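Note sheet for the following structure.
Residue numbers (our numbering): 120 to 385.
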């Protein structure tokens with residue numbers, strides 16, 4: 120969707136003002152905000168067209184306009200101008216992130232906590248893998264005579280490992296055979312596909328070796344089951360109660376975040 124410069128300016132002004140005031144924005148207010156603003160009638164026409172595009176909405180007939188979810192997206196993705204970070208804040212951010220060694224899915228939550236500390240406000244972060252999680256590689260490493268390490272690597276760089284005691288000694292032949300099985304039946308699969316039933320089918324096709332490999336395949340299914348392609352987290356929940364005039368509004372926001380799906384769809 121390509122907007123004219125004027126529509127971009129109107130959408131940006133409405134969104135910025137709505138964020139500050141929480142009230143619908145009318146043409147009179149825009150006339151004071153915009154540089155070289157056109158007539159009120161022209162502004163009303165631009166806002167009406169932005170409504171037709173699904174970027175603005177009019178809560179009531181006599182009210183001004185407010186940004187829709189899509190309007191917020193366009194504003195954040197293309198119109199919002201980044202502000203220069205103060206040197207003290209930049210130093211705080213650099214020091215806070217310098218020693219972080221976290222799994223990829225935890226980084227947005229860490230960033231949200233940092234943002235909340237800087238602003239004193241609550242923050243909501245979403246972690247979403249487009250297309251879902253898939254297995255980049257499932258590997259097996261010998262640790263001892265009857266101990267192996269199962270290593271699962273996903274397409275977003277996450278790793279999970281598990282030590283497994285086996286009933287038989289896993290020699291190089293067993294290791295290589297398992298790697299071949301993984302390459303044919305598991306690597307590239309979505310994590311949601313690696314169910315216990317699917318793994319049982321893979322083991323059953325191995326014939327006499329099914330007994331040896333079934334514990335490993337079951338463990339891989341358990342590891343896959345515990346990994347998520349998306350997550351939503353709320354930081355500094357207590358600050359919500361100072362942002363809103365009443366506790367009920369804060370509780371509604373908390374309930375919305377806990378539902379996850381509405382937040383992920385924004």
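Ideal placement from N, C-alpha and C gives every residue a C-beta, glycine not left out. Predicted model only: the values in this text are computed from it and were never measured.
**OP:** Measure from the alpha carbon of residue 263 to the alpha carbon of each residue in 276, 291, 238, then state which is nearest.
**Re:** Of the listed residues, the one whose Cα sits closest to residue 263 is 291.
**OP:** For the alpha helix (DSSP H) containing residue 371, list its first residue and its last residue.
**Re:** First-last of the alpha helix (DSSP H) with residue 371: 366 to 378.
Original post:
Where does residue 366 land, buried or exposed, given buried means 16+ other C-beta within 10 angstroms?
Top reply: Per the 10 Å Cβ criterion, exposed.
**OP:** Evaluate residue 287 with the Cβ neighbour count: other Cβ atoms within 10 Å of its Cβ, from every protein chain shown; 16 or more gives buried, anything less gives exposed.
**Re:** Exposed, because fewer than 16 other Cβ atoms sit within 10 Å of the Cβ of residue 287.
Original post:
Taking the alpha carbon of residue 178 as the point to measure from, which residue in 370, 195, 143 has its own alpha carbon closest?
Top reply: That would be 143, whose Cα lies nearest to the Cα of residue 178.
Original post:
Near residue 306, which residues of its chain fall below 8 Å by C-beta distance, leaving aside the five closest residues on each side in sequence?
Top reply: Cβ neighbours of residue 306 beyond the five flanking positions: 254, 255, 256, 257.
Original post:
Taking Cβ positions, are residue 321 and residue 300 nearer each other than 8 Å?
Top reply: Cβ atoms of residue 321 and residue 300: closer than 8 Å.
Original post:
Any idea what DSSP makes of residue 305, helix, strand or coil?
Top reply: In the structure shown, residue 305 sits in coil (DSSP, three-state: anything other than H, G, I, E or B).
Original post:
Under the DSSP definition of a beta bridge, which residues are partnered with residue 246?
Top reply: Paired residue(s): 350.
Original post:
Is residue 169 closer than 8 Å to residue 185 when the C-beta atoms are compared?
Top reply: No. Outside cutoff.
**OP:** Mind checking which residues open and close the beta strand (DSSP E) that includes residue 288?
**Re:** Taken as a continuous stretch (DSSP letters only), residue 288 belongs to no beta strand (DSSP E), as it is neither H nor E.
Subject >> Residues sharing a beta bridge with residue 268, DSSP >> reply: Paired residue(s): 260, 282.
Original post:
Helix, strand or coil: how does DSSP classify residue 186 here?
Top reply: Three-state DSSP puts residue 186 in a strand.
Original post:
Are the beta-carbon atoms belonging to residue 194 and residue 134 less than 8 Å from one another?
Top reply: Residue 134 sits close to residue 194, with the two beta carbons spaced by under 8 Å.
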